[in-house]
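Report on the structure given below.
Numbering (full-length UniProt numbering), first residue to last: 1 to 320.
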């Protein structure tokens with residue numbers, strides 16, 4: 001096992017691998033095809049933009065991590081023809097939600113296309129759009145995407161939230177992989193992927209997660225579920241009161257131990273099967289999640305350090 005590295009280093013190495021693999025995120029000729037594989041084209045590009053928007057939000061413009069994330073954001077935007085492909089997608093599939101969800105990730109980074117927003121806003125006013133049956137967590141994500149894109153402000157978020165697995169405060173022993181991914185995305189949508197701060201998590205959910213997130217995280221890491229483990233670490237950094245430092249230190253040491261020297265993080269397993277180098281499809285998502293969670297964690301640790309300095313004798317506050 002390699003010597004544990006700091007959380008910040010995990011983020012830097014992860015984003016460096018992502019940057020080296022940027023060509024793999026490029027949209028192919030089938031991006032607008034009716035039988036195109038969305039999960040292998042638009043989905044990775046949207047996830048890239050989402051993570052990079054959050055990294056940019058939580059780092060200073062002079063930070064090399066910020067510069068890398070901003071460069072990747074620019075690449076993602078260029079892949080969409082600076083938004084023109086969203087307009088074409090909207091015409092081809094007016095009631096599909098995935099184009100809006102991908103666009104919202106880019107809009108979060110300040111990349112906007114007024115024409116697409118106007119066209120989508122027209123569709124979003126229809127009864128068909130509002131009444132489309134969606135799984136609760138997905139519904140929460142679509143509502144958040146509408147808000148982020150300036151399409152509409154909705155008061156349906158609380159109603160959608162209360163239909164999710166997490167909001168039911170289920171018996172903790174019923175936690176499994178599918179519910180784990182569901183709860184992480186509920187928190188991501190509530191906190192606007194870490195951009196809105198921990199105040200977006202309702203108190204009852206925050207208290208529930210404070211009790212049960214640490215054992216769930218430990219269980220996932222014991223099972224070598226690094227992708228879900230990184231998502232749970234992002235949730236941990238998004239709570240009003242994060243887990244104890246020892247819990248986070250142990251978890252991040254385990255993530256760092258399986259991170260490939262190139263910066264890639266495996267989805268599952270020991271992380272030792274890299275003789276030919278990490279393949280893109282099985283590594284891009286956990287690596288993005290590692291960068292995402294590590295950036296949020298580093299931000300919370302920095303906030304805690306500033307708070308400690310403020311309360312120490314002789315410490316200066318923001319007005320000092």
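Heads up, the beta-carbon is just placed ideally off N, CA and C, and yes, glycines get one too.
Only counting the same chain, and skipping five residues up and downstream in sequence, which positions put a Cβ closer than 6 Å to that of residue i?
| i | result |
| --- | --- |
| residue 265 | 226, 259, 286, 287, 290 |
| residue 234 | 292, 293, 296 |
| residue 191 | 200, 238 |
| residue 14 | 263, 287, 290, 291 |
| residue 183 | 166 |
| residue 121 | 151 |
| residue 58 | 295, 299 |
| residue 22 | 75 |
| residue 325 | With the chain represented from 1 up to 320, any question about residue 325 goes unanswered, as that position is not in the structure. |
| residue 123 | 94, 129 |
| residue 36 | 30 |
| residue 206 | 239, 240 |
What does the alpha-carbon distance come out to for the pair residue i and residue j?
| i | j | result |
| --- | --- | --- |
| residue 239 | residue 246 | 16 Å |
| residue 107 | residue 76 | 12 Å |
| residue 1 | residue 194 | Residue placement at residue 1 is flagged as unreliable, the pLDDT there being 29, under the threshold of 50; a coordinate-derived value is accordingly withheld. |
| residue 282 | residue 267 | 6 Å |
| residue 72 | residue 43 | 15 Å |
| residue 196 | residue 156 | 18 Å |
| residue 256 | residue 17 | 14 Å |
| residue 79 | residue 24 | 12 Å |
| residue 41 | residue 96 | 15 Å |
| residue 261 | residue 154 | 45 Å |
| residue 29 | residue 146 | 27 Å |
| residue 214 | residue 125 | 42 Å |
| residue 335 | residue 117 | Nothing in the structure corresponds to residue 335, since the chain is present only between 1 and 320. |
| residue 111 | residue 10 | 27 Å |
| residue 189 | residue 279 | 29 Å |
| residue 249 | residue 217 | 12 Å |
| residue 208 | residue 100 | 31 Å |
| residue 8 | residue 232 | 17 Å |
| residue 148 | residue 159 | 18 Å |
| residue 6 | residue 134 | 40 Å |
| residue 306 | residue 60 | Any answer about residue 306 is weak, because its pLDDT of 47 lies below 50 and its placement is not dependable; what the coordinates show is given next. Their backbone Cα atoms lie some 16 Å apart in a straight line. |
| residue 54 | residue 198 | 14 Å |
| residue 314 | residue 49 | With a pLDDT of only 43 at residue 314, under 50, the local geometry of the prediction cannot be trusted, and the value read off the model is given with reservation. Approximately 42 Å, taken between the alpha carbons. |
Provide the residue span of the alpha helix (DSSP H) that contains residue i, from first to last.
| i | result |
| --- | --- |
| residue 255 | 245-258 |
| residue 177 | 177-190 |
| residue 131 | 127-131 |
| residue 210 | 203-222 |
| residue 142 | 136-148 |
| residue 241 | Counting along the chain, residue 241 falls outside any alpha helix (DSSP H), and DSSP gives it neither H nor E. |
| residue 115 | 114-124 |
| residue 161 | 157-161 |
So does residue i have its beta carbon nearer than 7 Å to some heavy atom of the ligand NAP?
| i | result |
| --- | --- |
| residue 166 | Within the structure as shown, the ligand NAP is missing, as the structure has no ligands at all. |
Once you ignore the five residues that flank residue i on each side, which residues in its own chain have a CB closer than 7 Å to its CB?
| i | result |
| --- | --- |
| residue 185 | 137, 141 |
| residue 187 | 201, 235, 238 |
| residue 119 | 87, 90 |
| residue 221 | 229, 251, 254 |
| residue 12 | 65 |
| residue 300 | 237, 242 |
| residue 98 | 38, 42 |
| residue 51 | 288, 291, 292 |
| residue 27 | 41, 45, 79 |
Can you list, in chain order, the residues of its chain with a C-beta nearer than 8 Å to that of residue i? Leave out the 5 residues immediately preceding and following it.
| i | result |
| --- | --- |
| residue 210 | 239, 241, 243 |
| residue 115 | 83, 87 |
| residue 113 | 82, 83, 84, 86, 87, 103 |
| residue 32 | 85, 88, 89, 92 |
| residue 163 | 136, 139 |
| residue 212 | 172, 175 |
| residue 19 | 68, 71, 72 |
| residue 56 | 66, 69, 70, 73, 109 |
| residue 270 | 224, 258 |
| residue 311 | Bear in mind that a pLDDT of 44 at residue 311, under 50, signals an unreliable position, so the number given afterwards is only what the model happens to contain. Around residue 311: no qualifying Cβ. |
Less than 8 Å between CB atoms is the rule here; does residue i satisfy it with respect to chain C?
| i | result |
| --- | --- |
| residue 86 | The structure shown contains no chain C, having only a single protein chain. |
* Asked: Does the stretch 186-204 come close enough to the stretch 160-168 to have 3 or more Cβ pairs within less than 8 Å?
  -> yes
* **Cβ contact (3+ pairs, closer than 8 Å) linking the stretch 53-71 and the stretch 292-300** => yes
* Asked: What are the complete alpha helix (DSSP H) segments, minimum 4 residues, inside the stretch 16-98?
  -> 42-57, 64-79, 84-92
* Spell out a yes or no on whether the stretch 121-135 and the stretch 173-180 are touching, meaning 3 or more CB-CB pairs, one atom from each, closer than 8 Å. => no
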